[in-house]
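Reading through the structure tokens given below for one structure.
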Amino acid sequence: MSNFKNLVEKLKGLKTQDMFMNDFFLTWEKTDDELNAVWTVADALRDLRQRNISTKVFDSGLGISLFRDNSTRTRFSFASACNLLGLEVQDLDEGKSQIAHGETVRETANMISFMADVIGIRDDMYIGKGNAYMHEVADSVEAGYKDGVLEQRPTLVNLQCDIDHPTQCMADALHVIHEFGGIENLKGKKIAMSWAYSPSYGKPLSVPQGVIGLFTRLGMDVVLAHPEGYEVMPEVAEVAKKQAAECGGKFTVTNDMKEAFKDADIVYPKSWAPFAAMEKRTNLYAEGDSEGIKALEKELLAQNANHKDWACTEEMMKLTKDGKALYLHCLPADITGVSCKEGEVDASVFDRYRDPLYKEASFKPYVIAAMILLEKFKDPAKVLEQLEARGQDRIFSEK
Amino acid sequence: MSNFKNLVEKLKGLKTQDMFMNDFFLTWEKTDDELNAVWTVADALRDLRQRNISTKVFDSGLGISLFRDNSTRTRFSFASACNLLGLEVQDLDEGKSQIAHGETVRETANMISFMADVIGIRDDMYIGKGNAYMHEVADSVEAGYKDGVLEQRPTLVNLQCDIDHPTQCMADALHVIHEFGGIENLKGKKIAMSWAYSPSYGKPLSVPQGVIGLFTRLGMDVVLAHPEGYEVMPEVAEVAKKQAAECGGKFTVTNDMKEAFKDADIVYPKSWAPFAAMEKRTNLYAEGDSEGIKALEKELLAQNANHKDWACTEEMMKLTKDGKALYLHCLPADITGVSCKEGEVDASVFDRYRDPLYKEASFKPYVIAAMILLEKFKDPAKVLEQLEARGQDRIFSEK
Amino acid sequence: MSNFKNLVEKLKGLKTQDMFMNDFFLTWEKTDDELNAVWTVADALRDLRQRNISTKVFDSGLGISLFRDNSTRTRFSFASACNLLGLEVQDLDEGKSQIAHGETVRETANMISFMADVIGIRDDMYIGKGNAYMHEVADSVEAGYKDGVLEQRPTLVNLQCDIDHPTQCMADALHVIHEFGGIENLKGKKIAMSWAYSPSYGKPLSVPQGVIGLFTRLGMDVVLAHPEGYEVMPEVAEVAKKQAAECGGKFTVTNDMKEAFKDADIVYPKSWAPFAAMEKRTNLYAEGDSEGIKALEKELLAQNANHKDWACTEEMMKLTKDGKALYLHCLPADITGVSCKEGEVDASVFDRYRDPLYKEASFKPYVIAAMILLEKFKDPAKVLEQLEARGQDRIFSEK
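Residue numbers (the numbering used here), protein chains in the order written: chain A, 1 to 399; chain B, 400 to 798; chain C, 799 to 1197.
Structure below.
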């Protein structure tokens, strides 16, 4: 049986009905079947595209993107996913928009959605804000749909919030699944999600949180390592703990990077800002206290600088399983001697893992496309089968 | 007979030939048949989309958008309309463009139009400029087409100028037609287009002008209300007066908001800047007199503040027909206690009309798409029939 | 035989295999057959579009654009070309992107290319940089493709670099070919590529270099005229000399505009900055020496002002062949009394040639589309034949 048929058969066995006409906020709000369906559809879409079979399921329609933070990878991934399915991206550039002072989210959300099939939002800067904003948008368009204002219910994809970065972590996981030859091979494997030093300030917590919130689902031995004071949101740590217990895995927190790297099968060393500091910053922004923000930034950079030894060096890598753990990063990484004097990772380590890192990134467009497809179609397996049967060329082929 | 067939039959009885290969500048330059055709095609396109039938009539082609003022609603409406018909929007961002100092409009217009099927322009800031600029663009591409420079004649849609806001007012009217169960039910109905207080400065005149220029066509009792000094362009008031006389309606101007609201079937309370002040501002900008502009702004805000009692309060609403007039607004509204301390409308009034207001806005993408379709096809009824017959899914359907 | 069939037959006789999966950097890196193929495919695509036959060869896919300099003409030409073939343009706006300080070109290039079929880059500001950057991008995606990171190899189109402006010059040449009734009629014809005075500063050298690097291929008598000190890159002058010798043409450099215009069949008067000054500027930018940049700008404007007599006046035009040389320009031109007090060309000369100038520009979208088509298809003649046979309407036609 072809790989594609296998994927479709697998999908048929998964319960995905609740994803239909629904949003994707946090991975831990989804069932195992639903996460599995995302990976399966992502692989199936990739298989079709590789065989030059068009996966356009929309003949018109908009994918609205709203980025409240600069982005290249996620922006292009969302644009690629929409294009792959036939949606045209329309960016809500808040700078160019006439969004009145005090205009409600409810109003803006409806005004941009008359012909929107999907909305992708990145809003990761402020603790307690991003995810809440996404929910407000989703509730608004749900109400608009029910009240007959919108002809279709645009569904939402969380392109990174203050809590989770589901499209990134689902792509990370799909990469790991491929590298280890299947999800079943991950049971018991050790992954070290570790803080690492960076000379820059205020990196979001959504990646480490997303990683511990997802990989504890897979029966893995998940270790979160960071210096004292770099704790993640306690609610997410709680989720990780609970899931590990339920799935026969482990979740440990340590302040020792070496302990985390010891015999690890996978390492994910990455900088982030302390949760408490991010909360403080959110409040300072709300108060418009620019002096306070500057002072905080200085303080945080000084705090970071106390932990320059938290780096993914060649020496650290030797501690891992056979010295060959799979190195993960969401990119761009702070590479020592390349993008900064001292950073998250040695240049030689990064170089050795360049190809796998880029492949890791290559799953993101497919993961997003899979989320959209599962949100918009009640019977995704049938859609995939019919796309194959339709056999429309993606690129015109000379016969 | 289905609603769609009714619409197509109605369209067949309307004379639309002069719209073909022509532009849409002002509603009062169009015949009754032509306005009717826009509403009819808008309804028909909506009907097709609701039945998941694709209305893509372009297999490639560009819709050029040029916004000289911030915009969310109109920008998304134009993008939606183009997408619905199969055109890709290409934004002429004057900031990112190499438009030489002194470069003629004629040159720019031709340079962006080699593969443009439609051009949408919003240029509403300066009295005597916006509409004139649109004509210059249209004349330029007409000349380019005749001289063999352009292979097709891109047609223009006025997305708001200094004189009219036809896509907004045509959407407003289509909403009203639906609410009152048909255009024939509007005869004799009273609509109050009233100034209302806003703490912001320099709102365009195009909406009140567009409303009196359009609704006087429908045999309605149109009352324009504003404080002294807030007159609209005299030419447009003249048009309204003449049309009312011809169509068996009325057009009155009053300085008493209560008089306007008294027994009104529809109210449209909205802030705008005095015509004379807008003219003065245009000249100050032309002279680059920034001190003068600041002084004028201060003066206008003070003048506005004298009229804080011009607000659509619950008390005012009680004066209308059975206390239940249909409340219209182009959005965003200045809502008292929500978007500002004192504004155009009470929060409780706005909330009560939220759904109808959003529905009002939902007609705009279809109105724009209808204008484009009528500009590009000689036999629009046949196009609609053939689109239905083609029956191409908008969203892939699992069979 | 129809024009289209002639073009396809001609294309069949040209060797284009090396263009497949390859990039387009400089015209002089391409064979005569390859340049000929670009013009032939451009004409054929235009012929199909004029007959309302869709030339969409991609059912999904992205065309990435990266403009490091403001642009209207080239930006719209690239967007038009992509749209014509079915690619959606995704702009890499470096301002809105999260491109880390020190992030490698290799990484960015791969991250934006997961679903990119073509990349268009304009980077013309710094000597020794633009073309080198394009090669780095092309090498990066080539490596990404070979390493299995990218599923397809995005090919590159140079939309203007520091050395050449191939899409402009190929469009210029196609215009000339049409005006003279065929490439064979250009042998021995004299073209004057002349510097002309402009009050602006630092115009790129890529147009004059592109013109002498291309037109010397056509057996023409190419004269490069400029004041002393306005030399172009010596390597390109060398290329022009060598090609002229090989192709039975001539390449002369003169400091006398009149000598260049004397009996010229074609004139291309245009301002550019001296190569030595551009090199100096590049270094000053690299050093961040803003005082030095200001001083250099002042110096260059003063130097320009010494040569106000270098203008394409009516008097100068009288020197040309029968006083009727074809006037070329890449636009926008600095027109005396229109866009500036004293500039490159008299208003009356410009006006007389407006239509041909706009037609010259109209070839650019087709030239870019032809480059893309030749880069993506092994058998372009078959593709064209099958597009004609498919006969898909570009604009829906009422039957």
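Glycine included, each C-beta is placed from N, C-alpha and C at the ideal position.
Just so it is clear, the structure is predicted and the values come from calculations on it, not from any experiment.
The beta carbon of L461(B) falls within 8 Å of a beta carbon belonging to chain C, placing the residue at that interface.
Annotation: K359(A) to V903(C) spans about 17 Å, alpha carbon to alpha carbon. Cβ-Cβ distances below 7 Å link A1179(C) to V806, L809 and K810 in the same chain, with the five nearest sequence neighbours on each side left out; the list follows chain order. Residue state for E291(A) is assigned as helix, using DSSP reduced to three classes.
In this structure, F1049(C) places its C-beta atom within 8 Å of the C-beta atom of V1020(C). Restricting attention to G926(C), F802(C) and A907(C), the CA atom closest to the CA of A1074(C) is found in G926(C). The C-beta of Q489(B) comes closer than 8 Å to at least one C-beta of chain C. Look at D393(A): its C-beta is under 8 Å from a C-beta on chain C. By the criterion of a C-beta distance shorter than 6 Å, M1114(C) is surrounded in its chain by F1059, once the five residues flanking it on both sides are discounted.
By the CB criterion at 8 Å, V887(C) and S863(C) fall inside the cutoff. Separation of S200(A) and P274(A) (C-alpha to C-alpha, rounded to the nearest whole angstrom) is 13 Å. Taking a beta-carbon distance threshold of 8 Å, Q785(B) counts as an interface residue toward chain C. Taking C-alpha positions only, Y1066(C) is separated from M991(C) by approximately 5 Å.
Taking a C-beta distance under 8 Å as the contact criterion, I851(C) and G1189(C) qualify as a contact pair. Below 8 Å, too few C-beta pairs join the stretch 628 to 645 of chain B and the stretch 693 to 701 of chain B to call them touching: fewer than three.
Around P764(B), the same chain offers S476, S479 and A480 as residues with beta carbons nearer than 6 Å, after the five sequence neighbours per side are excluded. Within 10 angstroms of the beta-carbon of E107(A) lie 16 or more other beta-carbons, which makes it buried. Annotation note: the stretch 917 to 947 of chain C contains the following uninterrupted alpha helix (DSSP H) runs of length 4 or greater, listed N- to C-terminal: 928 to 944. Annotation: Cβ neighbours of P764(B) in chain A (cutoff 9 Å, chain order): F114 and M115. Looking at the DSSP output, D620(B) bridges to K589(B) and K649(B). Within the stretch 19 to 36 of chain A, not one residue has a Cβ closer than 7 Å to any Cβ of chain B. Three or more pairs of CB atoms, one per stretch, sit closer than 8 Å, so the stretch 917 to 925 of chain C contacts the stretch 949 to 966 of chain C. With respect to D265(A), I212(A) sits apart: the two C-beta atoms are not nearer than 8 Å. Using a 10 angstroms sphere on the CB of N36(A), the tally of other CB atoms reaches 16 or more, which defines it as buried. Restricted to the stretch 267 to 346 of chain A, not a single beta strand (DSSP E) segment is unbroken, complete and at least 3 residues in length.
Nearest to Q168(A) by alpha-carbon distance, out of T74(A), D139(A), K203(A) and E235(A), is T74(A). A contact between stretches requires three or more CB pairs, one per stretch, nearer than 8 Å, and the stretch 317 to 331 of chain A meets this requirement with the stretch 171 to 189 of chain A. Using beta-carbon distances, V540(B) does not count as an interface residue toward chain C, since no partner is under 8 Å. A distance below 6 Å between beta-carbons, with the five flanking residues on each side excluded, links M1018(C) to the following residues of its chain, in chain order: L984, K987, I989 and G1047.
As DSSP reads the structure, Q489(B) sits in a beta bridge with I463(B). Under the Cβ distance rule, S1146(C) does not count among the residues neighbouring chain B, no pair being separated by less than 8 Å.
Per DSSP, T167(A) lies in no beta strand (DSSP E); the unbroken alpha helix (DSSP H) holding it starts and ends at P166 to E179. At least one CB of chain C lies nearer than 8 Å to the CB of N509(B). Just so you know, the alpha carbons of F1161(C) and A840(C) end up roughly 8 Å apart. Per DSSP, the unbroken alpha helix (DSSP H) holding T838(C) starts and ends at D830 to Q848. Under the three-state reduction of DSSP output, F424(B) falls in the coil class, being neither helix nor strand.
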